[in-house]
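When we follow our numbering, the leftmost residue of the sequence shown carries the number 6, and every step to the right adds one. What follows is a short report on a single structure.
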Amino acid sequence: MMSEFKPILAIVIPCFNEELCLNTTIDRLLEILHDLSAKNKISEKSYLYLVDDGSTDKTWEIISGYHEQNPAVKGAKFIRNFGNQKALIAGYEGVRDIGCDCAVSIDADLQQDEFSIETFVDKFRDGADIVSGIRNSRDTDTLFKKTTAVMFYKLMYILGAKIPMNHSDFRLVSKRALDIMEMYPEKYLFLRGFFNDVGLKTAYVHFDVKPRMAGESKFNLVKLMGLALNGITSFSVVPLRIVSVLGFIMAFVSFVIGAETVFEKIFFHNTPNGWATNIILLCFFGGIQICCLGIIGEYVGQVYREVKARPRYIKETELK
Ligand code: UDP
Ligand code: MG
6 MMSEFKPILA IVIPCFNEEL CLNTTIDRLL EILHDLSAKN KISEKSYLYL
56 VDDGSTDKTW EIISGYHEQN PAVKGAKFIR NFGNQKALIA GYEGVRDIGC
106 DCAVSIDADL QQDEFSIETF VDKFRDGADI VSGIRNSRDT DTLFKKTTAV
156 MFYKLMYILG AKIPMNHSDF RLVSKRALDI MEMYPEKYLF LRGFFNDVGL
206 KTAYVHFDVK PRMAGESKFN LVKLMGLALN GITSFSVVPL RIVSVLGFIM
256 AFVSFVIGAE TVFEKIFFHN TPNGWATNII LLCFFGGIQI CCLGIIGEYV
306 GQVYREVKAR PRYIKETELK
């Protein structure tokens with residue numbers, strides 16, 4: 006146990022139209038920093054770093070208001086909405102530039118248990134480079150979100166990207182992990198996959214999920230599907246292999262059917278009136294082909310987005 010070591014902790018908070026939550030969130034997190042620093046667990050130079058992901062409400066006014074009162078509240082504002090993953094990446098990169106020994110990311114609605122941050126820090130001081138928050142239950146989620154999330158993690162597991170079930174973006178990462186993140190130039194970095202895949206010493210902390218403090222979820226089905234597809238296409242090529250294997254199987258099956266048809270034609274001269282067979286085969290193979298094209302298309306899309314190498318995000322202002 007490195008009891009002498011008082012790391013500088015940066016708390017990264019992505020915010021998109023969170024004016025209803027933000028005052029309480031900032032107050033509570035500042036209190037946590039104060040507490041941990043009083044217990045000599047973190048440096049008094051620790052701070053919050055809020056990333057305003059192109060909010061259209063008073064989010065940025067609240068952040069800059071706090072910053073004027075207290076320099077421990079820092080932040081950056083995007084010129085438009087780039088999405089939660091980009092806001093998190095910007096947060097990690099921002100605190101790496103400003104300087105910190107470890108960074109914790111937490112949602113602006115404080116759905117994750119902010120008191121677990123102390124356990125995160127303990128595990129970090131014990132030598133973990135990554136401390137991952139695992140949700141205890143999904144009681145606060147809708148049935149739809151619960152089922153789709155479970156399906157996603159199962160699918161990811163089958164496809165070889167072994168992200169623990171109910172993994173979340175509530176985690177602590179060391180400066181070392183942040184330095185390694187910089188070596189991953191991919192624009193659509195899937196953070197959950199990356200921090201799990203990178204091979205640093207990882208500890209897990211279970212936490213309870215609370216209902217959202219105020220306001221509405223900023224995620225919709227399209228955003229969630231985008232996140233899931235990005236997770237799959239950036240961490241596994243197994244779907245492409247499945248397409249190839251399926252192609253082989255289909256070719257073999259059509260060869261057998263073809264041979265059988267020719268055989269019947271030559272030896273029995275009774276070409277059957279197989280209308281239903283025709284339609285079924287047509288639809289079956291047509292469906293599979295379009296499905297495979299879609300899978301390949303997802304990867305082509307990923308290549309297309311990466312090859313353009315557009316910036317991950319653009320900051321309008323930053324308060325350091
Ligand atoms: N968020 C963001 N950009 C977005 C959507 C969400 O920065 O485009 C932030 C949001 O402000 C919150 C976190 O990401 O801090 C998680 O979002 P939310 O709580 O709405 O998602 P849920 O908990 O419903 O999955
Ligand atoms: Mg939430």
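Every residue, glycine too, gets a C-beta built ideally from N, C-alpha and C.
Whole angstroms is fine: what's the gap from residue i's alpha carbon to residue j's?
{"i": "P19", "j": "I111", "result": "8 Å"}
{"i": "G70", "j": "L38", "result": "19 Å"}
{"i": "T29", "j": "L53", "result": "14 Å"}
{"i": "V56", "j": "V17", "result": "7 Å"}
{"i": "T145", "j": "V214", "result": "7 Å"}
{"i": "G80", "j": "A43", "result": "24 Å"}
{"i": "G59", "j": "W65", "result": "9 Å"}
{"i": "S241", "j": "F212", "result": "28 Å"}
{"i": "V109", "j": "S222", "result": "21 Å"}
{"i": "S48", "j": "R246", "result": "49 Å"}
{"i": "T153", "j": "D114", "result": "22 Å"}
{"i": "K46", "j": "L14", "result": "10 Å"}
{"i": "I122", "j": "G291", "result": "52 Å"}
{"i": "A77", "j": "S51", "result": "7 Å"}
{"i": "A264", "j": "F200", "result": "52 Å"}
{"i": "R101", "j": "V203", "result": "18 Å"}
{"i": "K11", "j": "Y309", "result": "44 Å"}
{"i": "F253", "j": "F260", "result": "11 Å"}
{"i": "L34", "j": "T124", "result": "15 Å"}
{"i": "W372", "j": "K270", "result": "Because the chain spans 6 through 325 in this model, residue 372 falls outside it and cannot be assessed."}
{"i": "K320", "j": "E98", "result": "12 Å"}
{"i": "K36", "j": "F83", "result": "Reading off the sequence shown, one finds Glu at residue 36, where the question assumed Lys. Taking the straight line joining both Cα atoms gives about 27 Å."}
{"i": "A208", "j": "V258", "result": "49 Å"}
{"i": "K325", "j": "G96", "result": "12 Å"}
{"i": "S179", "j": "A314", "result": "27 Å"}
{"i": "G231", "j": "C297", "result": "18 Å"}
{"i": "F273", "j": "I284", "result": "23 Å"}
{"i": "F157", "j": "A233", "result": "7 Å"}
{"i": "F21", "j": "K91", "result": "12 Å"}
{"i": "G138", "j": "L196", "result": "13 Å"}
{"i": "V155", "j": "N278", "result": "46 Å"}
{"i": "G104", "j": "R181", "result": "12 Å"}
{"i": "K228", "j": "D118", "result": "24 Å"}
{"i": "P169", "j": "G198", "result": "10 Å"}
{"i": "L286", "j": "L251", "result": "15 Å"}
{"i": "N235", "j": "T266", "result": "44 Å"}
In the DSSP assignment, what are the bridge partners of residue i?
{"i": "G80", "result": "L55 and L324"}
{"i": "H172", "result": "I139"}
{"i": "L14", "result": "C107"}
{"i": "C20", "result": "D57"}
With H, G and I counted as helix, E and B as strand and the rest as coil, what does DSSP make of residue i?
{"i": "F87", "result": "coil"}
{"i": "S48", "result": "coil"}
{"i": "M95", "result": "Looking at the sequence itself, residue 95 is Ala, so the reference to Met does not match. Three-state result, A95: helix."}
{"i": "F289", "result": "helix"}
{"i": "N283", "result": "helix"}
{"i": "G252", "result": "helix"}
{"i": "A154", "result": "helix"}
{"i": "Q74", "result": "helix"}
{"i": "Y162", "result": "helix"}
{"i": "Q307", "result": "helix"}
{"i": "T29", "result": "helix"}
{"i": "D144", "result": "coil"}
{"i": "G132", "result": "coil"}
{"i": "K270", "result": "helix"}
{"i": "R317", "result": "coil"}
{"i": "E265", "result": "helix"}
{"i": "A113", "result": "coil"}
{"i": "F120", "result": "coil"}
{"i": "E66", "result": "helix"}
{"i": "E9", "result": "coil"}
I'd like the ranges of any beta strand (DSSP E) spanning at least 3 consecutive residues and lying wholly in the stretch 176 to 243.
207 to 212
Pocket of the ligand MG (residues with CB nearer than 7 Å to any heavy atom), chain order:
D112, D114, Q116, R217 and S222
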